[in-house]
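Engineer: Dumping the structure here so I can ask a few things about it.
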Amino acid sequence: MSFKRPVFPLYIIAALLFGLKTYIVYRFVFTIDLDNMMQEFILLINPFVSAFLIFAISVWFNKTSRQMKFIRYTALIGSFVVFANLVFYRQFTDFITIPQLFMGSNMSDLGSSILTLINPFDILIFVDAALIWYLSKKQESKLAVEYPKSGKVFAMALSLALLAGNFFLAEMERPQLFTRAFDREYLVKNIGLFNYHVYDLVVHSKTESQRVFADGNELPEIQEFIDKNVKVDEKSHMFGAAEGKNVIFINAESLQEFVINNDVYGEEVTPFLNRLIEDEDTYYFDNFYEQTGQGNTSDSEFLVENSLYPLSRGAVFFTHGGNEYNALPEIIKEEGYTSAVFHANNKSFWNREGMYQSLGVDHFYGEEAYEVTDENSIGWGLMDKPFFEQSIKYLQSLEEPYYSKFITLTNHFPFEMNDEETSIDPYDSNSNTLNNFFPAVRYMDEAIEDFFTQLKDSGLYEDSIIIIMGDHIGISANHNRAMSMYLEKEEITPYDQVQLQRVPLFIHIPGDGNGETISEVTGQIDMKPTILNLLGIETEDDIMFGNDVFAEDRKEYIALRNGDFISDDYVSTLGVCYDRETGEPIDEEVTETTEETENQPMTENACAPIQEKVQTELSYSDNLIYGDLFRFINFNIED
Ligand code: GP9
Ligand code: MN
Numbered sequence: 002m003s004f005k006r007p008v009f010p011l012y013i014i015a016a017l018l019f020g021l022k023t024y025i026v027y028r029f030v031f032t033i034d035l036d037n038m039m040q041e042f043i044l045l046i047n048p049f050v051s052a053f054l055i056f057a058i059s060v061w062f063n064k065t066s067r068q069m070k071f072i073r074y075t076a077l078i079g080s081f082v083v084f085a086n087l088v089f090y091r092q093f094t095d096f097i098t099i100p101q102l103f104m105g106s107n108m109s110d111l112g113s114s115i116l117t118l119i120n121p122f123d124i125l126i127f128v129d130a131a132l133i134w135y136l137s138k139k140q141e142s143k144l145a146v147e148y149p150k151s152g153k154v155f156a157m158a159l160s161l162a163l164l165a166g167n168f169f170l171a172e173m174e175r176p177q178l179f180t181r182a183f184d185r186e187y188l189v190k191n192i193g194l195f196n197y198h199v200y201d202l203v204v205h206s207k208t209e210s211q212r213v214f215a216d217g218n219e220l221p222e223i224q225e226f227i228d229k230n231v232k233v234d235e236k237s238h239m240f241g242a243a244e245g246k247n248v249i250f251i252n253a254e255s256l257q258e259f260v261i262n263n264d265v266y267g268e269e270v271t272p273f274l275n276r277l278i279e280d281e282d283t284y285y286f287d288n289f290y291e292q293t294g295q296g297n298t299s300d301s302e303f304l305v306e307n308s309l310y311p312l313s314r315g316a317v318f319f320t321h322g323g324n325e326y327n328a329l330p331e332i333i334k335e336e337g338y339t340s341a342v343f344h345a346n347n348k349s350f351w352n353r354e355g356m357y358q359s360l361g362v363d364h365f366y367g368e369e370a371y372e373v374t375d376e377n378s379i380g381w382g383l384m385d386k387p388f389f390e391q392s393i394k395y396l397q398s399l400e401e402p403y404y405s406k407f408i409t410l411t412n413h414f415p416f417e418m419n420d421e422e423t424s425i426d427p428y429d430s431n432s433n434t435l436n437n438f439f440p441a442v443r444y445m446d447e448a449i450e451d452f453f454t455q456l457k458d459s460g461l462y463e464d465s466i467i468i469i470m471g472d473h474i475g476i477s478a479n480h481n482r483a484m485s486m487y488l489e490k491e492e493i494t495p496y497d498q499v500q501l502q503r504v505p506l507f508i509h510i511p512g513d514g515n516g517e518t519i520s521e522v523t524g525q526i527d528m529k530p531t532i533l534n535l536l537g538i539e540t541e542d543d544i545m546f547g548n549d550v551f552a553e554d555r556k557e558y559i560a561l562r563n564g565d566f567i568s569d570d571y572v573s574t575l576g577v578c579y580d581r582e583t584g585e586p587i588d589e590e591v592t593e594t595t596e597e598t599e600n601q602p603m604t605e606n607a608c609a610p611i612q613e614k615v616q617t618e619l620s621y622s623d624n625l626i627y628g629d630l631f632r633f634i635n636f637n638i639e640d
C-alpha cells in the first residue's frame with residue numbers, strides 16, 4: 002500500500018507556530034515568576050509539547066480534507082483559549098477554571114471593565130491561526146499527511162512520550178504539583194495552559210461526583226477537628242453586647258487596609274473612616290485578612306454568612322448555590338431577626354438571587370429597587386451616595402430587629418470617577434488602576450459618612466450596630482511596581498503581598514464607649530461567630546472555622562484560600578516561612594540527623610506544624626461543600 006509523505010506536514014507547522022506563540026504569551030504577557038533555569042526550560046518546552054499533542058491527533062483522520070479542517074479549527078479555538086485567559090488574567094491575575102466558564106452572566110456584566118482589559122495588539126494572538134487557515138485551504142496537497150498505521154501510532158507515541166517527559170520534569174521541579182490544585186500559576190507554568198485546562202476538567206468532574214457519593218460519614222471527624230482546633234469554650238466579654246439591636250453591615254468594595262490613615266500628596270484618603278477609628282464606640286481591627294478566592298465579593302459574603310471557606314476554584318455562590326447551609330440569616334431568624342441585602346446590581350450577578358435563598362436571606366433589594374439614571378451612575382452602576390440615600394426608606398420599612406447588608410459598588414475596578422465627585426487628586430505612577438483607586442476610595446469614605454448622618458437623622462442609628470468590612474483587595478500584584486513606589490518600599494516581597502491582603506474591619510456600637518484598635522490576627526472567617534456572640538446567640542454543634550474576634554483564646558492562625566497563613570508569629574507564603582514582625586524569612590531548622598540522612602539532614606520549616614492544620618482545615622471545608630454535607634445535620638440553637 003502506498004502512502005504520501007508531505008513536504009512538511011501541516012500539523013508540525015501548526016504545532017511549532019502555536020507553541021512559539023504560546024511561549025511568547027507566557028513569557029512576555031502573563032507575569033509568571035521564574036526562579037531558576039529549570040523553570041525557564043519547562044516553560045519553554047511545555048507549549049510545544051501540548052501543541053504537538055493536540056495537532057498530532059490530526060494524522061488519524063484518513064480524509065485529508067478532514068485533517069485540514071481539524072488543524073485549522075484547533076488553531077482557532079486554541080488561540081481563542083489563549084486570548085480568553087489573557088483577558089481574564091489582566092483582571093484577576095489568574096487563569097480561567099471550568100466553573101468560571103458557567104458564570105457567563107457575570108462575564109457579560111463586566112461591561113466597561115472588559116474593554117479596558119483588551120489591547121489592540123491582542124489580535125496578534127490570532128496570526129498563526131490565520132496563517133494555518135490559509136495554508137490548510139490552499140496547500141492541502143503538499144501539507145496533508147497520509148501515514149500507514151505505524152506512522153500514526155508513532156506520532157501518537159511520540160506526543161505521549163513528550164508529555165510524560167514534561168510531567169516528569171514538572172513533578173521534579175514542583176513535588177505535589179497535582180495535589181495543590183489551587184496553585185494555578187504553578188500548574189500553567191509547569192504543564193502548560195492546555196494541559197492545565199484538561200486537568201481542571203478532570204478535577205471538576207471528580208468534585209461534582211463527590212456530592213452524589215457523600216453520606217455524611219466524614220462529619221464526626223470534621224467536628225472533632227473543630228472541637229480540638231477551633232472552638233473556644235469561654236464566651237468573649239462582648240457576648241450579648243448588641244443583644245436585640247439591628248445589624249447594619251457595610252461590605253466596602255475593594256477597600257484595603259493600606260489606605261487607612263494614609264494620604265496622597267498630603268490629602269487624607271479616608272478622613273471619615275480615620276476619625277471613626279478614634280471614636281469611643283468603635284472597635285477597629287488592623288490585622289484583619291480577606292480570605293476570598295475566585296469569587297471575590299461573593300466569596301467574602303460566603304465567609305461572613307457561613308464561617309466556611311470559599312472554594313479554590315470558581316465561586317461557591319455559583320457552583321454550590323443550591324446546597325444546604327446553616328447560615329447566619331437562617332440562625333438569627335429563629336431569634337426573630339429579619340435579614341435583607343441591598344446591592345444596586347443585577348440580582349443574578351454571582352448567582353446572588355439563588356444563593357440568598359439557600360442562605361435564608363428574607364429580602365434582596367437589587368438594581369430594580371433603585372432609581373438608576375445616567376447622571377447618578379458610573380462604572381458598574383448606581384454610585385454609592387445615591388445608593389445609600391435611596392436605601393434608607395427600605396431600611397425603615399424592615400421589621401425590627403434586622404440584619405442588613407449593604408454592598409457598595411463605586412470603588413470597583415477600574416475605579417472610574419466623574420469630575421464632580423472627585424475630591425482628591427489621583428496618584429501619579431505607571432499604574433492607572435492604583436492612581437484612580439484613591440479618589441474612588443475617598444468617594445466611598447464620603448458616601449459612608451453621609452450614610453451615618455442619614456442613619457442618625459432617621460433615628461435608626463441608636464438601635465443598631467454598624468459593621469464595615471473591606472471585601473477583598475482592589476489592587477492586584479500586577480501593580481506591584483506602582484504599589485512599592487506608593488508604599489516607599491524597594492519592592493513588594495511575598496511577605497508584603499500577604500500583608501496587603503489586610504482589609505479594614507470596623508465594629509461600631511453606639512453608646513459602647515470602650516472602643517479601641519485591636520491588632521490580633523483575625524479574618525473574614527471570624528465574622529459569623531462574632532456577630533452571633535455580639536447578638537448573644539449561642540449555637541449548638543454549628544460547624545464554623547472561625548472565632549469571635551473579641552475572644553481571648555483564639556485559633557492560632559488565619560488561613561488564606563491559597564493555603565498561605567498568618568499566625569501570631571509567622572507568615573507563610575509560597576512555601577516560605579517569614580517572621581511576622583520583621584518580615585524576614587526564617588531559616589529551616591535541622592530536625593533530624595540519622596545515619597542514613599547524615600549527608601542530607603531532615604529540615605523543618607517553623608511554619609510546618611501550622612501548615613498541616615491549615616491544609617486539613619481547608620480540605621474539610623471543601624468536603625463539606627462538595628459533599629453538601631450540611632444536608633445530613635439537624636442544627637439546634639441553645640435556649
Ligand atoms: C458585583 C459586585 C462586585 O455585584 O459584587 O463584584 P466583584 O468583582 O468585586 O466580586
Ligand atoms: Mn468586590
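Residue numbers for the sequence shown follow our numbering, beginning at 2 and rising by one. Idealized CB from N, CA, C, for every residue including glycine. Treat the numbers as computed from the prediction; the structure is a model and nothing was measured.
Could I get the ranges of all uninterrupted alpha helix (DSSP H) runs contained in the stretch 171-226, with 4 residues as the minimum, in chain order?
Structural biologist: 185-192 and 194-214
Engineer: Does at least one heavy atom of the ligand FAD sit under 7 Å from the Cβ of Glu-254?
Structural biologist: No copy of the ligand FAD appears in this structure; the ligands present are the ligand GP9 and the ligand MN.
Engineer: Can you tell me whether Leu-506 is helix, strand or coil according to DSSP?
Structural biologist: strand
Engineer: Please name the residue in Glu-553, Thr-574, Asn-37 and Gln-257 whose C-alpha comes closest to that of Met-239.
Structural biologist: Glu-553
Engineer: Roughly how many whole angstroms lie between the Cα atoms of Pro-311 and Leu-625?
Structural biologist: Rounded to the nearest whole angstrom, the CA to CA distance from Pro-311 to Leu-625 is 11 Å.
Engineer: Nearest CA to the CA of Tyr-395: which residue from Val-373, Glu-421 and Tyr-366?
Structural biologist: Tyr-366
Engineer: Counting only runs of 3+ residues fully inside the stretch 60-85, write out the beta strand (DSSP E) ranges in chain order.
Structural biologist: none
Engineer: Beta-carbon within less than 6 Å of Ile-468's beta-carbon, same chain only, minus the 5 sequence neighbours each way: which residues are those?
Structural biologist: Phe-250 and Ile-508
Engineer: For Ser-340, which residues does DSSP report across the bridge?
Structural biologist: Tyr-404
Engineer: Under the assumption that Lys-1 contacts Val-305 (Cβ atoms under 8 Å), give the Cβ distance between them as a whole number of angstroms.
Structural biologist: Because the chain spans 2 through 640 in this model, residue 1 falls outside it and cannot be assessed.
Engineer: Return the first residue and the last residue of the alpha helix (DSSP H) that Gly-20 is part of.
Structural biologist: 11-29
Engineer: What is the chain-ordered set of residues for which the beta carbon lies under 5 Å from any non-hydrogen atom of the ligand GP9?
Structural biologist: Asn-297, Thr-298, Asn-346 and Phe-350
Engineer: Under 8 Å, with one C-beta from each stretch per pair, do the stretch 539-554 and the stretch 231-246 reach the 3-pair mark?
Structural biologist: yes
Engineer: Based on Cα-Cα distance, which residue from Tyr-148, Arg-276, Thr-271 and Trp-351 lies nearest to Asp-300?
Structural biologist: Trp-351
Engineer: Which of helix, strand or coil does DSSP assign to Thr-583?
Structural biologist: coil
Engineer: Quick check: the stretch 145-154 against the stretch 60-68, are at least 3 beta-carbon pairs closer than 8 Å?
Structural biologist: yes
Engineer: Alpha carbon to alpha carbon, what distance is there between Pro-586 and Asn-167?
Structural biologist: 31 Å
Engineer: Using a Cβ distance threshold of 8 Å, determine whether the stretch 125-135 contacts the stretch 329-337, with at least three qualifying pairs required.
Structural biologist: no
Engineer: Applying the criterion that 16 or more other CB atoms from any shown protein chain within 10 Å of the CB defines a buried residue, is Val-189 buried or exposed?
Structural biologist: buried
Engineer: Pull up the DSSP beta-bridge partners for Asp-264, would you.
Structural biologist: In the DSSP output, where bridge partners are listed per residue, Asp-264 has Glu-269.
Engineer: Is any heavy atom of the ligand MN found at a distance shorter than 7 Å from the C-beta of His-473?
Structural biologist: Within the cutoff, so yes.
Engineer: My understanding is that Ile-476 touches Thr-298, with C-beta atoms under 8 Å, so please give their C-beta distance in whole angstroms.
Structural biologist: With a Cβ gap of about 16 Å, Ile-476 and Thr-298 do not count as contacting.
Engineer: Please identify the residue among Asn-324, Ser-398 and Cys-608 whose C-alpha is closest to the C-alpha of Ala-560.
Structural biologist: Cys-608
Engineer: Residue range of the beta strand (DSSP E) that Thr-283 falls in?
Structural biologist: Residues 283-286.
Engineer: Tell me whether Met-239 sits in a helix, a strand or coil according to DSSP, three-state version.
Structural biologist: Here Met-239 sits in coil by DSSP.
Engineer: Determine the direct distance from the alpha carbon of Ser-568 to that of Glu-269, and round the result to whole angstroms.
Structural biologist: 31 Å
Engineer: Can you check whether the CB of Gly-20 is closer than 8 Å to the CB of Ala-52?
Structural biologist: Taking 8 Å as the Cβ cut-off, Ala-52 and Gly-20 qualify as a contacting pair.
Engineer: Report all residues from its chain with a CB closer than 7 Å to the CB of Arg-632; omit the five preceding and five following residues, and keep chain order.
Structural biologist: Excluding sequence neighbours, Arg-632 sits near Glu-325.
Engineer: Between the alpha carbons of Pro-440 and Ser-424, how many angstroms are there, rounded?
Structural biologist: 7 Å
Engineer: Please look up how many angstroms separate the CB atoms of Tyr-558 and Ile-611, rounded, as I've assumed it's under 8 Å.
Structural biologist: 5 Å
Engineer: I'd like to know whether the C-beta atoms of Asn-262 and Asp-543 end up nearer to each other than 8 Å.
Structural biologist: no
Engineer: Using DSSP bridges, identify the partner residues of Met-90.
Structural biologist: Correcting the residue type first, residue 90 is Tyr in the shown sequence and not Met. DSSP output for Tyr-90 lists no bridge partner at all.
Engineer: Does the distance from the CB of Glu-174 to the CB of Asn-252 come in under 8 Å?
Structural biologist: no
Engineer: When we look at the beta-carbon of Glu-491 and count the other beta-carbons within 10 Å, is it buried (16 or more) or exposed?
Structural biologist: exposed
Engineer: Would Tyr-571 and Asp-580 qualify as a contact pair, given that the criterion is a beta-carbon distance under 8 Å?
Structural biologist: yes
Engineer: Please return the same chain residues whose Cβ sits closer than 8 Å to the Cβ of Met-2, not counting the five positions on each side in sequence.
Structural biologist: The pLDDT assigned to Met-2 is 44, lower than 50, so where the model puts this residue is not dependable, and the model offers no usable value.
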